[in-house]
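Here is the structure we will look at.
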Amino acid sequence: MSLMQPTLEQACIGENCIIATIGDPETAMLALRLGVSEGEQVTVISRIPGGPVVLRQGSRELALGRSICQHIQIIPQSQQLHSVGDTDSFRIPVAKAVSCFQ
Amino acid sequence: MPSSEITTNTTTINVEKTSNTTFSDAIHKKFPNAQKTVVLAGNPNVGKSLFFNAYTGMYVNVSNFPGTTIDIPKGMMQGYKAFPNTLLMDTPGVYGLSALSEEERVAEEAIRNADYVINVVSALSLERDLFLTQQLIDYGLNMVVAVNQMDEAEARHLTIDLASLEKHLGVPVIPTVATAREGLTQLIEALPKASKGLAIPDCPSPEELLLLETQPLRRMQIYGLRRAHVNAVAKNAVFTPKSKSGDTVSLSQRLGQALLNPVFALFSMLLVLFALYQVIGIWVAGDLVTLTEGKFMLGQDTGLWPGLVPIMQSLIGKLVAPGSIAYTILGGEFGVLTMSVQYIFGVLFPLVLGFYVYISILEDCGYLPRIAVMADALLMRIGLNGRAVIPLILGLGCVTMATVSTRVLTSNRERTIASTILAITIPCSAQLGVLIALMAKAGGVSAWAVYCGTLLIILTVLGSALNKLLPGRSSGLVLDLPPMRLPNIRNIARKTWVRTVVFLQEAAPLFMLGSLLVSILQATHGLEAIQNALGPVIQAVLHLPAQTAQVFVMGLVRRDFGAAGLYFMADKLSAIQLLTCLMVITLFVPCFASATVIWKERGMREGVLVLAGSWILAFGVGALLTRVLSLIPILQG
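Here the protein sequences line up with chains A and B, keeping their order. Counted the way the numbering used here counts, the first sequence spans residues 574 to 675. Counted the way the numbering used here counts, the second sequence spans residues 18 to 654.
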């Protein structure tokens, strides 16, 4: 299931997403300490072509490099209609994901 | 080695308590008077080093990131009657404690052996910073928390409920503004009341925790719980102003957003570089240095003041016979007490100061982090990340200063790549001065195009090659973007001063060593010998007249010395020859001082490799360039 989930790298600008899982353990550890933990809600402010993704989390703005974003899987806004515990709701709107993919 | 057994569930594990005794022993050997130890701990960039400086009077930049060894600044506390004979230690900035990285291991060791811990957090990033705080509490340490940067929080209209923090953390919480030295006395007064705080619910004992956090799955579990707990604590303590519904986006936000647009960012960078050229290049490197070096040091065009250097020379002349080898070494043209003093304080000091002011302004107003974000994609191709913009910009001022600043990079690998690129491809301001003066003769715009193009190619190839060849993986960018704002003068003054002092502490002895070596060479006619040996090589390989050897050798001593020689020769050289010469000078290692700093920062092996490599590359590219330019008439004249 988690293979199908989009990563932060693929999120759209303006999208509110919830951090789902962080694949790489080192990244996960760093992210947790920085407050980017599973369940956190972040908004994507900007995506630099080929470069970092800029997020807003609460009142702070944070830039995460591409290599780090690749390991962070998210639940995009479009999928947040249902509660997180409801596994039926993990439909992937493929068209939308592709359109944000640079 | 003492070990303890810990039983978790049904398994019994031996945990070796490593180096508890050896660490304390080492400390007490060096500081026999120390009866108590206090350790500063906190995230990177919260201002810990300011506390260290205030309490001990010592200036240090804590090297945040892994290197061969990590220096823990240590000093006895001065001037607090309640704490005589107390040793203060500063630790590398860390986001958490684990055994997984060098600086965290080092921080953990220092913290573990402390009597008191002062945990510094920033009022601007409480939610992030409190993770470490909670971890320290969970480890059962005696601590107080200093919430620093309260002034900036106020400026951003954040309200911090300190009483709530104290209640939920269970340790004393003191507000501070380290840059203004506010709250520092109160912090020390609160130290005797340091206590063990409130651990997260159902927290294992400190010894068990230590063990559990070494197991990846359990660690993630505990981290998750801790993070959730900290978020709740922060929520009750930090209040951001409610934005009015439908309010317009502030100028600061608009500017910040605009800078994330590639075109705008590039345009702003050109403006910023132009300002750099104007302010530093013309005013500082030109007018100010004329004052400090020309007038103060050498006494040129002043009425009564003969100049510090001639004064030194006559003093030395009274101790040793003028003309003797000792005199040459001490007070001669490259004398340790004359040239190095002249250069360090007359030329470098104003230049380094100017550059650090400039960079601190860019940092403080929030510009630099955004440029780092924009540059990240490109820098990744050569194994660096956005943070490397700092050393690269500083390299345009002084490559020596930039090499020292590579300490801000996250991994050893990145520091190697950055130092090498700086040494070989980035022209320092002295070099840029020569280039600007002579490029017109070399063919003007087309010469600049060839020059910049070649440099860029070499930079990219070199960086990519190093990226592929060096083991490991460079770290991705993780950067907080503070809101854009007008720079705070106090911040800038402090940052600039600390960095300049640290730079002089590091570089001055090396400069003196360099000038010692050069003056010995001069006294023993070694310089002449080198020039004579080099002459034929230069003629054959680079198609330049043998006299250019003098320009090269002098350029190694001090960049601008080489320039002087080149000005005189410029009329006799063709455009192709001039450009080749300028290219070769750019590529081989800048000056003695930077060579010694590279050796000191990166170690003997890397230093030698960079030196040798730069010479081979410089001559190789020069040889190629001169032949290619003869075949393809790009330059006019």
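C-beta: ideal position from N, C-alpha, C; glycine also.
What is the residue span of the beta strand (DSSP E) that residue i lies within?
i: B:L496; result: 495 to 498
i: A:V582; result: One detail in the question is off: residue 582 of chain A reads as Glu in this sequence, not Val. Where A:E582 is concerned, there is no enclosing beta strand (DSSP E), given that its DSSP letter is neither H nor E.
i: B:G630; result: Taken as a continuous stretch (DSSP letters only), B:G630 belongs to no beta strand (DSSP E), being part of the alpha helix (DSSP H) at 621 to 648.
i: A:N589; result: 589 to 595
i: B:N165; result: 160 to 165
i: B:V56; result: 53 to 59
i: B:P327; result: No beta strand (DSSP E) holds B:P327; the alpha helix (DSSP H) holding it covers 325 to 336.
i: B:G92; result: 91 to 93
i: B:R404; result: From DSSP, B:R404 is part of no beta strand (DSSP E); its letter is neither H nor E.
i: B:Y384; result: Not the beta strand (DSSP E): B:Y384 falls in the alpha helix (DSSP H), residues 384 to 398.
i: A:L628; result: 626 to 630
i: A:Q646; result: 645 to 648
If we count the other Cβ atoms within 10 Å of its Cβ and call it buried at 16 or more, is residue i buried or exposed?
i: A:T600; result: buried
i: B:C656; result: Nothing about residue 656 of chain B can be reported from this structure: the residues present for chain B run from 18 to 654 only.
i: B:S536; result: buried
i: B:V554; result: exposed
i: B:T257; result: exposed
i: A:Q675; result: The pLDDT assigned to A:Q675 is 39, lower than 50, so where the model puts this residue is not dependable, and the model offers no usable value.
i: B:K589; result: exposed
i: B:L583; result: buried
i: B:E6; result: No statement about residue 6 of chain B is possible, as the shown extent of chain B runs from 18 to 654 and does not include it.
i: B:V421; result: buried
i: A:A593; result: buried
i: B:G110; result: buried
i: B:G480; result: buried
i: B:Q330; result: buried
i: A:E588; result: buried
i: B:G470; result: exposed
i: B:S262; result: Below a pLDDT of 50, predicted positions are generally treated as unreliable, and B:S262, at 45, falls in that range; no measurement from the model is reported.
Name, please, each residue of chain B whose Cβ falls closer than 8 Å to the Cβ of residue i.
i: A:G596; result: The premise fails here: A:G596 is roughly 12 Å from chain B at the closest Cβ pair, so nothing lies under 8 Å.
i: A:A601; result: M237
Along the chain, where does the alpha helix (DSSP H) containing residue i start, and where does it finish?
i: B:D107; result: Not the alpha helix (DSSP H): B:D107 falls in the beta strand (DSSP E), residues 103 to 107.
i: B:Y468; result: 462 to 486
i: B:V416; result: 416 to 422
i: B:R430; result: 429 to 442
Would you mind giving the Cβ-Cβ distance between residue i and residue j, rounded to the nearest angstrom? I have them listed as a contact below 8 Å.
i: B:V194; j: B:M167; result: 5 Å
i: A:I647; j: A:C590; result: 4 Å
i: B:I239; j: B:L229; result: 6 Å
i: B:N278; j: B:D178; result: Actually they do not touch by this definition, with Cβ atoms about 38 Å apart.
i: B:V451; j: B:A580; result: 4 Å
i: B:I333; j: B:L315; result: In fact, because the Cβ distance is near 16 Å, the residues do not count as touching under 8 Å.
i: B:M391; j: B:S532; result: Between B:S532 and B:M391 the Cβ distance is about 40 Å, and since that is not below 8 Å, they are no contact.
i: B:D132; j: B:K210; result: Rounded, the Cβ-Cβ distance is 14 Å, inconsistent with contact.
i: B:A251; j: B:L147; result: 6 Å
Counting only Cβ pairs nearer than 8 Å, list the residues of chain A close to residue i.
i: B:E230; result: Within 8 Å Cβ-Cβ: nothing; B:E230 doesn't reach chain A, min ~10 Å.
i: B:V390; result: I621, G624, P625, V627, A636
i: B:Y112; result: L603, R606, L607
i: B:N165; result: In chain order: nothing, as chain A lies at least about 16 Å away.
i: B:A394; result: I621, P622, G623, G624, P625, R639
i: B:P233; result: P598
i: B:N402; result: G638
i: B:L277; result: I618, S619, I621, V627
For a contact meaning CB atoms closer than 7 Å, what does residue i contact in chain B?
i: A:G631; result: E144
In chain A, which residues lie with their C-beta within 7 Å of the C-beta of residue i?
i: B:T597; result: The contacting residues do not exist; B:T597 stays about 35 Å from chain A at best.
i: B:T423; result: Chain A residues near B:T423: none, gap ~18 Å exceeds 7 Å.
At a CB-CB cut-off below 9 Å, which residues of chain B make contact with residue i?
i: A:I641; result: S492, G493, L494, V495
Chain A partners of residue i, CB-CB under 9 Å?
i: B:P218; result: Ordered by position in chain A, no residue passes the 9 Å Cβ test against B:P218, which lies about 17 Å from the chain.
i: B:F148; result: L605, R606, L607, G608
i: B:G241; result: L605, S610, E611, G612
i: B:T257; result: G631, S632
The region 433 to 444 of chain B / the region 612 to 632 of chain B touching (three or more Cβ pairs under 8 Å): Short answer: they touch.
Do the region 128 to 146 of chain B and the region 51 to 60 of chain B meet, that is, are 3 or more Cβ pairs less than 8 Å apart? Touching, yes.
The region 623 to 630 of chain A touching the region 380 to 398 of chain B, judged by at least three CB pairs closer than 8 Å: Yes, since at least three Cβ pairs between the region 623 to 630 of chain A and the region 380 to 398 of chain B fall closer than 8 Å, the two stretches touch.
Is there contact between the region 497 to 504 of chain B and the region 375 to 390 of chain B, where contact requires at least three CB pairs shorter than 8 Å? Under the 8 Å Cβ criterion, the region 497 to 504 of chain B counts as touching the region 375 to 390 of chain B, having at least three qualifying pairs.
Should the region 599 to 612 of chain B be regarded as contacting the region 567 to 583 of chain B, the criterion being three or more beta carbon pairs within less than 8 Å? Enough Cβ pairs lie closer than 8 Å, so yes.
I'd like to know if the region 90 to 99 of chain B and the region 198 to 210 of chain B are in contact, where contact means that at least 3 CB-CB pairs between them fall below 8 Å. A contact exists between the region 90 to 99 of chain B and the region 198 to 210 of chain B.
Does the region 43 to 58 of chain B touch the region 166 to 186 of chain B, meaning 3 or more C-beta pairs lie closer than 8 Å? The region 166 to 186 of chain B, when compared against the region 43 to 58 of chain B, does not touch it at the 8 Å Cβ threshold.
Contact the region 400 to 407 of chain B vs the region 580 to 596 of chain B: 3+ CB pairs below 8 Å: Because the criterion of three Cβ pairs below 8 Å is not met, the region 400 to 407 of chain B and the region 580 to 596 of chain B do not touch.
Give a yes or no on contact between the region 408 to 423 of chain B and the region 536 to 552 of chain B, applying the rule of three or more CB pairs nearer than 8 Å. When C-beta atoms of the region 408 to 423 of chain B are compared with those of the region 536 to 552 of chain B, fewer than three pairs fall below 8 Å, so the two segments do not count as touching.
Three Cβ pairs or more, each shorter than 8 Å: is that satisfied between the region 316 to 327 of chain B and the region 367 to 381 of chain B? These segments do not touch.
May I ask you to verify whether the region 151 to 164 of chain B touches the region 214 to 227 of chain B, counting CB pairs closer than 8 Å and requiring at least 3? Yes: at least three Cβ pairs fall under 8 Å.
Validate contact between the region 67 to 77 of chain B and the region 513 to 520 of chain B using beta carbons, cut 8 Å, 3 pairs: Under the 8 Å Cβ criterion, the region 67 to 77 of chain B counts as touching the region 513 to 520 of chain B, having at least three qualifying pairs.
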